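In this note's numbering, the protein residues as written are 4 to 141. One structure below.
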């Protein structure tokens, strides 16, 4: 599936389509260059899931935990600073990935070996002329 996002105002509809396309999958690995909008997309996905908490990049904390209206957790990881899968094991990442909760994973390369087999892969690219974001979901 491919979704084109021309502006921030189009993001809520794109995020709703994205969540629908996930089906029963709950772990999403986001691949995109710096500044492409991974965190912005995750923030909108959280809003679509009913999260009232302010979502932000967990670059330094590695993991942010949010809660939906019924208390259901949503996990947001940023593994940019990790150097090995062992560091992810140290924070219990595998337990989160297999919890059944939504897990949105930025910079997933270092943890690919421990992600569930049904992990959805999202690639975000930026059109050079228009600045539109193209989200491709496997």
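Note that CB positions come from ideal geometry on N, CA and C, so glycine has one too. All of these numbers come straight from a predicted model, not from anything done at the bench.
Query: Is the Cβ-Cβ distance between residue 104 and residue 75 less than 8 Å?; Result: yes
Query: Determine the DSSP secondary structure at residue 19, reduced to helix, strand or coil.; Result: helix
Query: Inspect the beta-carbon positions of residue 69 and residue 49 and report whether they are closer than 8 Å.; Result: yes
Query: Check whether the Cβ atoms of residue 135 and residue 56 sit closer than 8 Å, and answer yes or no.; Result: no
Query: Between residue 82 and residue 45, which are expected to be in contact by the criterion C-beta below 8 Å, what is the C-beta distance as a whole number of angstroms?; Result: With 8 Å as the limit, residue 82 and residue 45 do not qualify as a contact, their Cβ atoms being about 13 Å apart.
Query: Would you kindly check if the distance between the Cβ of residue 71 and the Cβ of residue 85 is under 8 Å?; Result: no
Query: Whole angstroms are fine: how far does the CA of residue 93 sit from the CA of residue 34?; Result: 23 Å
Query: Short of 7 Å in beta carbon distance, which residues of its chain neighbour residue 29, apart from the five on each side in sequence? Order them along the chain.; Result: 103, 104, 105, 106
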